[in-house]
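Sequences listed follow chains A and B, in order. With the working numbering, letter number 44 in the first sequence gets 44, and the count goes up by one each step, no holes. With the working numbering, letter number 20 in the second sequence gets 20, and the count goes up by one each step, no holes. Report on one structure; see the data block that follows.
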Amino acid sequence: DAKTTQPNSMESNEEEPVHLPCNHSTISGTDYIHWYRQLPSQGPEYVIHGLTSNVNNRMASLAIAEDRKSSTLILHRATLRDAAVYYCILSRGSNYKLTFGKGTLLTVNP
Amino acid sequence: DGGITQSPKYLFRKEGQNVTLSCEQNLNHDAMYWYRQDPGQGLRLIYYSQIVNDFQKGDIAEGYSVSREKKESFPLTVTSAQKNPTAFYLCASSTEWGAYNEQFFGPGTRLTVL
């Protein structure tokens, strides 16, 4: 399975944009890029996913590099409720499953 | 409201006992999943089911069993053969099996073996 690399932790200030990076240099053409987040003692929550083009939804934006070897999750205005562990995950159509690494712990300062 | 429910929230078990964790969804999803999470770690896939009456082993199926007799239910049994069962267990579902599908997660069951 293709792997992802994320920073262990990041900090942000409330109401500022946050850019969470993810490297996936061994990504294949059929791999989707997913982002989930998890608050303490809760189940993960879907954030966004994409294949090749940048994606936007009400929660965030996903910017995918042209060579697809990296991507960035963008939270446009961080709030305290955005403090969570963010997971960047690749899934392949032929063997679909989500493999969660350790993710990035995002701390949002008031 | 549609969603996934897991019960109980906390579960205590003595060594050597089997225990069954409940997972129910009313989202009309075909695919369901069980994950295990250890402290400070990501989730690991135990079992998954693409459709009713079918299920497959995930990455760490040893010591676990499942059934999928109804579309809305996917119970997980932690058997005495599971050597280190203390963990946070999460159930999820998706509309269908596929790399592009969003998974919806339940609130989890925290199992502690005494």
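Quick reminder that beta carbons are idealized off the backbone N, C-alpha and C, glycines included.
DSSP three-state assignment for residue i, whether helix, strand or coil
{"i": "Asp82(A)", "result": "helix"}
{"i": "Phe88(B)", "result": "strand"}
{"i": "Phe12(B)", "result": "strand"}
{"i": "Glu66(A)", "result": "coil"}
{"i": "Pro21(A)", "result": "strand"}
{"i": "Asp31(A)", "result": "strand"}
{"i": "Ser11(A)", "result": "Inspection of the sequence shows that residue 11(A) is occupied by Glu rather than by Ser. It is a strand residue."}
{"i": "Glu45(A)", "result": "strand"}
{"i": "Phe105(B)", "result": "strand"}
{"i": "Val52(B)", "result": "coil"}
{"i": "Leu90(A)", "result": "strand"}
Of the residues the options, the one placed nearest residue i, counting alpha carbons only
{"i": "Glu15(A)", "options": "Pro21(A), His76(A), Ser25(A)", "result": "His76(A)"}
{"i": "Asn53(B)", "options": "Asp59(B), Ala31(B), Glu69(B), Tyr64(B)", "result": "Glu69(B)"}
{"i": "Arg44(B)", "options": "Thr99(A), Gly103(A), Pro110(A)", "result": "Thr99(A)"}
{"i": "Glu62(B)", "options": "Phe55(B), Tyr47(B), Phe12(B)", "result": "Tyr47(B)"}
{"i": "Ser12(A)", "options": "Trp35(A), Lys102(A), Thr79(A), Arg92(A)", "result": "Thr79(A)"}
{"i": "Ile33(A)", "options": "Lys97(A), Thr107(A), Pro17(A)", "result": "Lys97(A)"}
{"i": "Leu90(A)", "options": "Gly50(A), Ser9(A), Pro44(A), Asn8(A)", "result": "Gly50(A)"}
{"i": "Ser28(A)", "options": "Ala60(A), Tyr86(A), Thr52(A)", "result": "Thr52(A)"}
Distance between beta carbons of residue j and residue i, contact taken as under 8 Å
{"i": "Cys88(A)", "j": "Gln6(A)", "result": "5 Å"}
{"i": "Glu102(B)", "j": "Asp30(B)", "result": "About 13 Å; that fails the 8 Å criterion."}
> Relative to chain B, which residues along the segment 19 to 45 of chain A have a C-beta separation below 9 Å, given in chain order?
Replying inline: Answer in chain order: Thr30, Asp31, Tyr32, His34, Tyr36, Gln38, Ser41, Gln42, Gly43, Pro44, Glu45.
> What are the residues of the segment 40 to 51 of chain B that lie near chain A, defined by any Cβ-Cβ distance shorter than 8 Å?
Replying inline: Within the segment 40 to 51 of chain B, the residues whose Cβ lies closer than 8 Å to some Cβ of chain A are Gly40, Gln41, Gly42, Leu43, Arg44, Leu45, Tyr48, listed in chain order.
>> Quick check: the segment 15 to 32 of chain B against the segment 71 to 81 of chain B, are at least 3 beta-carbon pairs closer than 8 Å?
In response: Put simply, the segment 71 to 81 of chain B touches the segment 15 to 32 of chain B. At least three CB pairs are less than 8 Å apart.
> Pairing CB atoms from the segment 69 to 85 of chain A with CB atoms from the segment 11 to 25 of chain A, are three or more of them under 8 Å?
Replying inline: Note that the segment 69 to 85 of chain A touches the segment 11 to 25 of chain A; at least 3 beta-carbon pairs, one per stretch, sit closer than 8 Å.
> Relative to chain B, which residues along the segment 48 to 59 of chain A have a C-beta separation below 8 Å, given in chain order?
Replying inline: Among the residues of the segment 48 to 59 of chain A, those with a Cβ less than 8 Å away from any Cβ of chain B are His49, Leu51, in the order of the chain.
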